[in-house]
Amino acid sequence: MKLFYSPNSPFVRKVLMTGMELGLDDRIERVQAAPHPVNRDRDLIAHNPLGQIPACLTDDGEEISDSRVICEYLAALVPDQQIFPSGPRRWAALTEQSISDGLMAAALSIRYERSTRPAEQQSQTWIAGQTDKIETVLDALDRRYVRPPPGFDIGHISVACAIDYLAFRFPEITLGSRWPHLADYHALLDARPSFAQTIPPDSPRAQSGAASGAPK
Ligand SMILES: N[C@@H](CCC(=O)N[C@@H](CS)C(=O)NCC(=O)O)C(=O)O
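Numbering (my numbering), first residue to last: 10 to 225.
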């Protein structure tokens, strides 16, 4: 299958980590895309009308888009997988995915606001609202990760992608100051190969080679 992607995207990272955790990495061919909400990537739109990544073209020729849908598609290829748990953990894991995705969307919307509008047209009210959304999600996740849930499923993957995206693009939001349990969890993640091998190549950590795994 082909995955339309960019290595710095946190939504793509969810899919890459899920593929690695499921042992499907070799079956995913990465195709570079250049999504942008204003300067829209017409080649990408041919595969996903939203012009967003991740988008997937399956070996059966089906176009699948949205990280949640692609992660579920990957999981459906593997019998008895635990990335989407079926027991009591299921609803918590899916909720962690949902609110982590919302955090990443809020963070991206701030970046787009800052990068697509001239400074005098940027709405500080909008940025403050999105920043507050990031913080209220961090509050909720920190409560959930006082004791991190056992295992490593779509909830853990989504939380990992969200908090590491903040470390990459919003270094002024320091987890340790207000969200100590998330900070502790973040520190453990480099030991997970699917995390270490998907560190965004533009992040300072990748460039300093601080993580144990070499970024792709
Ligand atoms: N809900 C989507 C969000 C994907 C998304 O926002 N991707 C960004 C890159 S990280 C993108 O393609 N932005 C371009 C745009 O929104 O037009 C998902 O979970 O896959």
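Cβ coordinates follow ideal geometry from the N, Cα and C atoms, glycine included.
None of the values given here were measured: they were computed from a predicted structure.
From L191 to D148, what distance separates their C-alpha atoms? One-based indexing of the sequence shown puts residue 191 at position 182. One-based indexing of the sequence shown puts residue 148 at position 139. Computed Cα separation, rounded: 9 Å.
Using the three-state DSSP reduction, which class does L12 fall into: helix, strand or coil? The residue you call residue 12 lines up with position 3 of the sequence shown. Note: L12 maps to strand in three-state DSSP.
Whose C-alpha, out of G111, T67, I136, Q41, is nearest the C-alpha of Y121? Along the sequence shown, one-based indexing puts residue 121 at 112. Taking only the C-alpha atoms, the option nearest Y121 is I136.
Buried/exposed call for S221, threshold 16 Cβ in 10 Å: Stepping through the sequence shown from its first residue, residue 221 is reached at position 212. Legend: pLDDT at S221 = 43, less than 50; position of this residue unreliable, value from coordinates given subsequently. Of the residues assessed, S221 falls on the exposed side of the cut-off, its CB having fewer than 16 other CB atoms within 10 angstroms.
Taking all protein chains shown into account, do 16 or more other C-beta atoms lie within 10 angstroms of the C-beta of R126, making it buried, or fewer, making it exposed? Residue mapping note: residue 126 aligns to position 117 of the sequence shown, counting from 1. Residue environment analysis places R126 among the exposed positions, since fewer than 16 neighbouring C-beta atoms fall within 10 angstroms of its C-beta.
With a CB to CB cut of under 8 Å and the five nearest residues on each side skipped, what residues in its chain are close to Q90? Mapped onto the sequence shown, residue 90 falls at position 81. Result list for Q90: L31, A84, in chain order.
Residues in the same chain with beta-carbon distance under 7 Å from Q106, minus the five sequence neighbours each way, listed in chain order, please. Start at 1 with the first residue of the sequence shown, and residue 106 comes out as number 97. Hits under 7 Å: R77, I163, G164, S167.
I62: CB within 7 Å of a non-hydrogen atom of ligand 1: In the sequence shown, counting from the first residue as 1, residue 62 sits at position 53. For ligand 1, a non-hydrogen atom lies closer than 7 Å to the CB of I62.
S15 versus I208 - alpha carbon distance: The count along the sequence shown starts at 1 and reaches residue 15 at position 6. The count along the sequence shown starts at 1 and reaches residue 208 at position 199. Distance between S15 and I208, taken at the CA atoms: about 12 Å.
Excluding the five sequence neighbours on either side, which residues of its own chain have a C-beta within less than 7 Å of the C-beta of L25, listed in chain order? To locate residue 25, count along the sequence shown from 1; it is residue 16. Within the same chain, Cβ atoms closer than 7 Å to the Cβ of L25 are found at T207, the five residues on either side in sequence being excluded.
Taking only the alpha-carbon atoms, compute the straight-line gap between C80 and T27 and give it to the nearest angstrom. Stepping through the sequence shown from its first residue, residue 80 is reached at position 71. Stepping through the sequence shown from its first residue, residue 27 is reached at position 18. Approximately 6 Å, taken between the alpha carbons.
Three-state class that DSSP yields for L175 in the structure shown: For the purposes of this step, residue 175 is identified with residue 166 of the sequence shown, where counting begins at 1. In the structure shown, the three-state DSSP call for L175 is helix.
In whole angstroms, what is the alpha-carbon distance linking S74 and P58? Position 65 of the sequence shown, counting from 1, holds the residue named residue 74. Position 49 of the sequence shown, counting from 1, holds the residue named residue 58. So the two alpha carbons sit approximately 9 Å from each other.
What runs of the beta strand (DSSP E), each 3 residues or longer, lie entirely inside the segment 25-81? Taking only runs of at least 3 residues, the beta strand (DSSP E) segments lying wholly in the segment 25-81 are 38-41, 64-66, 72-74.
Alpha-carbon spacing of D141 relative to P158, whole angstroms: Locating residue 141 in the sequence shown gives position 132, counting from the first residue. Locating residue 158 in the sequence shown gives position 149, counting from the first residue. For D141 and P158, the distance between alpha carbons rounds to 25 Å.
Would you check whether ligand 1 has a heavy atom nearer than 7 Å to the C-beta of F161? The count along the sequence shown starts at 1 and reaches residue 161 at position 152. F161 Cβ: outside cutoff for every heavy atom of ligand 1.
Just verifying my parser: in three-state terms, what is the DSSP assignment at E181? Taking the first residue of the sequence shown as position 1, residue 181 is located at position 172. The answer is coil: DSSP assigns E181 none of H, G, I, E or B.
Got a sec, what are the start and stop residues for the alpha helix (DSSP H) W135 sits in? The count along the sequence shown starts at 1 and reaches residue 135 at position 126. Annotation: the continuous alpha helix (DSSP H) that includes W135 extends over 133-153.
Given A43 as reference, the closest of E72, L86, A64, S95 once Cα atoms are compared: The count along the sequence shown starts at 1 and reaches residue 43 at position 34. Per the Cα distances, A64.
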